[in-house]
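Asks: In this note's numbering, the protein residues as written are 75 to 327.
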Amino acid sequence: MTDETDGPPCGRGPRPGHRKVFGRRKGKRLSAFQQGLIETDLPVLSVPGVFPSGHPDRRPVEPSDLFARGEGGSRPLWLEVGFGGGEHLVHQARENPHVALIGCEPYMNGVAMLLNRLHGSGIGNVRLHPDDARDLIELLPDRSLERVFLLYPDPWPKKRHAERRFAGPENLKRLARVMRPGAVLRLATDIEQYVSHALAAVADSEFFDVEPPVAPDWSVPWADWPGTRYEAKALKAGRRPHYLTFVRSGQDY
Ligand SMILES: C[S@@+](CC[C@H](N)C(=O)[O-])C[C@H]1O[C@@H](n2cnc3c(N)ncnc32)[C@H](O)[C@@H]1O
């Protein structure tokens, strides 16, 4: 049993009866407009066939079926795990129209915020999985991803919850299969223990190398970094962001 005090500082408890990594699916009641977007826009933008293992309708994801081909062939595919309110995802989609982006987020209020940002925006290169990113990753083809964003993942600060942190050995292995050699995994976190936890997991993995930091304390953001809603709260609370980049090595999976 876990209560709110055990949960991530996003202020959400884990989803009962599910793998305990992410927070609750619903927060504040959705407005009628948001509920409308969930009913009309979400089915159009969702990646079909993504279900937990054992579900009868689960099927492999073929990215080229989701996105129109770019000039010169299929588009580079990027993934954001836990997009929160979607501000970073929308920024990247707008700045990189040649890229195809998939965002995963189980928190329905966040999904509704992203749908609101996308609605009528003209942005056509985003698809969603409104649930656990692990289910989507397991269904992606080998070497299909060129970039992965893990921005302020739930920190699970208690030692006894460390295995729930997303940047651990199991998920690095899942990502290693679907990331091309040279593909980049960006991790932002405001929690010191998360930095050491992720660096240790990467040091133990044969599939990733750490890109040397611009400053030794990992405090310099990426050049195209727009910030996120969670980051703004962390800064206000006096916590310090860290920006880490891991590169998929050439090691065969
Ligand atoms: C601390 S919030 C940060 C949100 C956003 N990236 C930001 O910086 O504002 C972490 C988010 O990760 C989501 N999350 C946690 N586990 C996840 C998983 N397995 N798959 C997808 N999203 C997940 C949570 O629902 C939550 O919205």
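Don't be surprised by glycine CBs; every beta carbon is placed ideally from N, CA and C.
1. Which class does LEU104 belong to by DSSP, given the choice of helix, strand or coil?
2. Would you list the one or two residues that DSSP bridges to TYR317?
3. Leaving aside the five residues before and after ARG150 along the sequence, list all residues of the same chain whose C-beta is less than 6 Å from its C-beta, in chain order.
4. Note down, in chain order, each residue of its chain lying with its Cβ closer than 6 Å to the Cβ of VAL95, except the 5 sequence neighbours on either side.
5. What first and last residue would you give for the beta strand (DSSP E) that runs through ALA174?
6. Classify PRO255 as helix, strand or coil using the three-state DSSP reduction.
7. Please check the pair PHE240 and PRO227, which I expect to be a contact at CB under 8 Å, by giving their CB distance rounded to whole angstroms.
8. Starting from ARG42 and walking both ways along the alpha helix (DSSP H), at which residues does that stretch end?
9. Would you check if the distance between the CB atom of VAL164 and the CB atom of LEU192 is smaller than 8 Å?
10. Distance, Cα to Cα, ASN170 vs ALA275?
11. Take TRP152 as the anchor and find which of HIS271, ALA306 and VAL252 has the nearest alpha-carbon.
12. Would you say the segment 119 to 139 touches the segment 154 to 161, given that touching needs at least three Cβ pairs under 8 Å?
13. Can you give the beta carbon distance from LEU259 to PHE320, rounded, assuming they're within the 8 Å contact cut?
14. How is LEU214 classed by DSSP in three states: helix, strand or coil?
15. Taking the straight line between their C-alpha atoms, what separation do you get for ASP209 and PRO300?
16. Expressed to the nearest angstrom, what Euclidean distance is found between the alpha-carbon atoms of THR114 and PRO287?
Replies: Let me spell this out:
1. For this step, residue 104 is matched to residue 30 along the sequence shown. The answer is coil: DSSP assigns LEU104 none of H, G, I, E or B.
2. In the sequence shown, counting from the first residue as 1, residue 317 sits at position 243. As a beta-bridge residue in DSSP terms, TYR317 pairs with ALA262.
3. On the sequence shown, position 76 is the one that residue 150 refers to. The question names Arg, but residue 150 is Pro in the sequence shown. Closer than 6 Å at Cβ, skipping near neighbours: VAL173 and GLU220.
4. Counting from 1 along the sequence shown, the entry for residue 95 is found at position 21. Note that VAL95 scores 48 on pLDDT, short of 50, meaning its location in the model is unreliable and no value can be drawn from it.
5. Position 100 of the sequence shown, counted from the start, is the residue given in the question as residue 174. Residue range 174 to 178 is occupied by the beta strand (DSSP E) that includes ALA174.
6. Position 181 of the sequence shown, counting from 1, holds the residue named residue 255. Strand at PRO255.
7. In the sequence shown, residue 240 corresponds to position 166, counting from 1. In the sequence shown, residue 227 corresponds to position 153, counting from 1. Right, the Cβ-Cβ distance comes to about 4 Å (below 8 Å), so this counts as a contact.
8. Residue 42 lies beyond the residue range present for the chain, which begins at 75 and ends at 327; the question has no answer from this structure.
9. The residue you call residue 164 lines up with position 90 of the sequence shown. The residue you call residue 192 lines up with position 118 of the sequence shown. Yes. Within cutoff.
10. As a working mapping, residue 170 is identified with position 96 in the sequence shown. As a working mapping, residue 275 is identified with position 201 in the sequence shown. Rounded to the nearest angstrom, the two C-alpha atoms are 30 Å apart.
11. Looking up residue 152 in the sequence shown gives position 78. Comparing Cα positions, the closest option is VAL252.
12. The answer is no - the segment 154 to 161 does not touch the segment 119 to 139, with fewer than three Cβ pairs under 8 Å.
13. Within the sequence shown, residue 259 is the residue found at index 185, counting from 1. Within the sequence shown, residue 320 is the residue found at index 246, counting from 1. Confirmed, Cβ separation roughly 4 Å.
14. Translated into positions along the sequence shown, residue 214 becomes position 140. In this structure, LEU214 counts as coil in the three-state DSSP scheme.
15. Against the sequence shown, residue 209 aligns to sequence position 135. Against the sequence shown, residue 300 aligns to sequence position 226. Distance from the CA atom of ASP209 to the CA atom of PRO300, rounded to whole angstroms, is 27 Å.
16. Against the sequence shown, residue 114 aligns to sequence position 40. Against the sequence shown, residue 287 aligns to sequence position 213. Approximately 43 Å between the Cα atoms of the pair.
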